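**Q**
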Amino acid sequence: MITADKYYKERFGHKMYKAAISLDVTCPNRDGTCGVGGCAFCSEGGSGEFATSGSMSVTKQIDEAIGRLASKVSADTGYIAYFQSFTSTYCAENYLRASLLEACEHPGVEAISVATRPDCLPEGTLDVLEQIARKIPLFVELGLQTSSDEVADGFGRGYPTIVYDEAVGALKARGINVITHIILGLPGESPDMMLGSVRHAVEAGTDGLKLTCLYILKGTRYEALYKEGEIAVLGREEYFDIVERILMDVPSDMVIHRLTGDGPKRLLIAPMWTSDKRQVVNYINRRFRDIL
Ligand code: SF4
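Here it is as structure tokens:
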């Protein structure tokens, strides 16, 4: 495995930070196309709590995101325009093209990352992404979460895993770098099944992985189930035991973009160990110092 930090330094010559932005889109799992109410873990912000409002121009959102990061980063830093919220390709091709081109033209932006669902990549959208990938390094982030259709049905993902497999194939055929999101700790999954999801993504051809533990957030369907004791979350050691198995298992060129995330504090109900980012980072550095 290779860390994203190392990968970015090798590819871009310096550290890269993500400037999170939103498009004016929703998600087919919310508007009734393949479901309503969204995935059971997803908050009202559509997994984009750190992004700004989709009603602002892309340029202004990037300016604001870079402005917020500027005091924390060195001068020798590059930015990835990260289209994060909801399903970024769930929109008209012209709107997507114009938005991505606007990000391309921003002087601070050296790459673009687009988070989406694998069932929202029709041919026309793939064409747009391919055009953009010819201009600037492009990453497409797919929310697989699990390779088990049964577990996915449990949280209401709204598409079978084969759709993910086909999407990875279509993106790779167009030379686009794919990052797969996987959640560890979904109800009904054993550690072996979580490792199985990672192996599935690797076999499908993903270039990178983003791992996160299941968070229980306010206002989600999982909130009620958690409070009723129907579902549980992973403890810190338990979570990183699974992460360690994954890191030992993935191919040496697999880019690990994230070992865990930090849920939005104002919405986080559990697990609370994820809320202290500094402690989590210290723990990761101690535990994985020989691997990372
Ligand atoms: S996690 Fe993604 S696909 Fe699921 S409801 Fe939220 S925005 Fe939609």
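At position 151 of the sequence shown the residue is numbered 151 (my numbering), and the sequence of numbers has no breaks. The C-beta atom is built at its ideal place from N, Cα and C for all residues, glycine as well. Keep in mind it's a predicted model, so treat the numbers as computed, not measured.
Cβ atoms of residue 156 and residue 199: under 9 Å apart, would you say?
**A** It is not a contact, given that the beta carbons lie outside the stated cut-off.
**Q** With distance defined between alpha-carbon atoms, name the residue in 90, 242, 4, 177 nearest to residue 28.
**A** Closest by alpha carbon: 90.
**Q** Assuming residue 214 contacts residue 246 (C-beta within less than 8 Å), just tell me the rounded distance between them.
**A** Not quite, the Cβ-Cβ distance comes to about 15 Å (not below 8 Å), so this is no contact.
**Q** With 16 as the cutoff for other CB atoms within 10 Å, does residue 250 come out buried or exposed?
**A** That one is buried.
**Q** Would you mind giving the Cβ-Cβ distance between residue 75 and residue 20, rounded to the nearest angstrom? I have them listed as a contact below 8 Å.
**A** The Cβ separation is near 21 Å, so there is no contact.
**Q** Should residue 219 be counted as a contact of the ligand SF4 given a C-beta to heavy atom distance under 8 Å?
**A** No, since every heavy atom of the ligand SF4 falls outside the 8 Å radius drawn around the Cβ of residue 219.
**Q** Taking the straight line between their C-alpha atoms, what separation do you get for residue 98 and residue 277?
**A** One C-alpha to the other measures close to 36 Å.
**Q** Can you tell me where the alpha helix (DSSP H) holding residue 240 begins and where it ends?
**A** 236-249 is the extent of the alpha helix (DSSP H) around residue 240.
**Q** Could you tell me which residues DSSP pairs with residue 262 in its beta bridges?
**A** Answer by DSSP bridge pairing: none, since residue 262 is not bridged.
**Q** If we count the other Cβ atoms within 10 Å of its Cβ and call it buried at 16 or more, is residue 272 buried or exposed?
**A** Looking at its Cβ environment, which holds fewer than 16 other Cβ atoms inside 10 Å, residue 272 is exposed.
**Q** How should residue 207 be labelled, buried or exposed, when 16 other C-beta atoms within 10 angstroms of its C-beta is the threshold for buried?
**A** Buried.
**Q** May I ask you to list the residues that DSSP assigns as paired with residue 141?
**A** Paired residues: 115, 179.
**Q** For the alpha helix (DSSP H) that contains residue 15, what are its first and last residues?
**A** Careful: residue 15 lies outside any alpha helix (DSSP H), inside the beta strand (DSSP E) at 15-21.
**Q** May I ask you to check if the CB of residue 89 is nearer than 8 Å to at least one heavy atom of the ligand SF4?
**A** False, no ligand heavy atom lies under 8 Å from that Cβ.
**Q** For residue 224 and residue 217, what's the separation of their Cα atoms in angstroms?
**A** If I take the Cα positions, the gap works out to 10 Å.
**Q** Quick check on DSSP: helix, strand or coil for residue 41?
**A** Coil.
**Q** Using the beta-carbon count (16 or more within 10 Å), is residue 183 buried or exposed?
**A** Buried is the call here.
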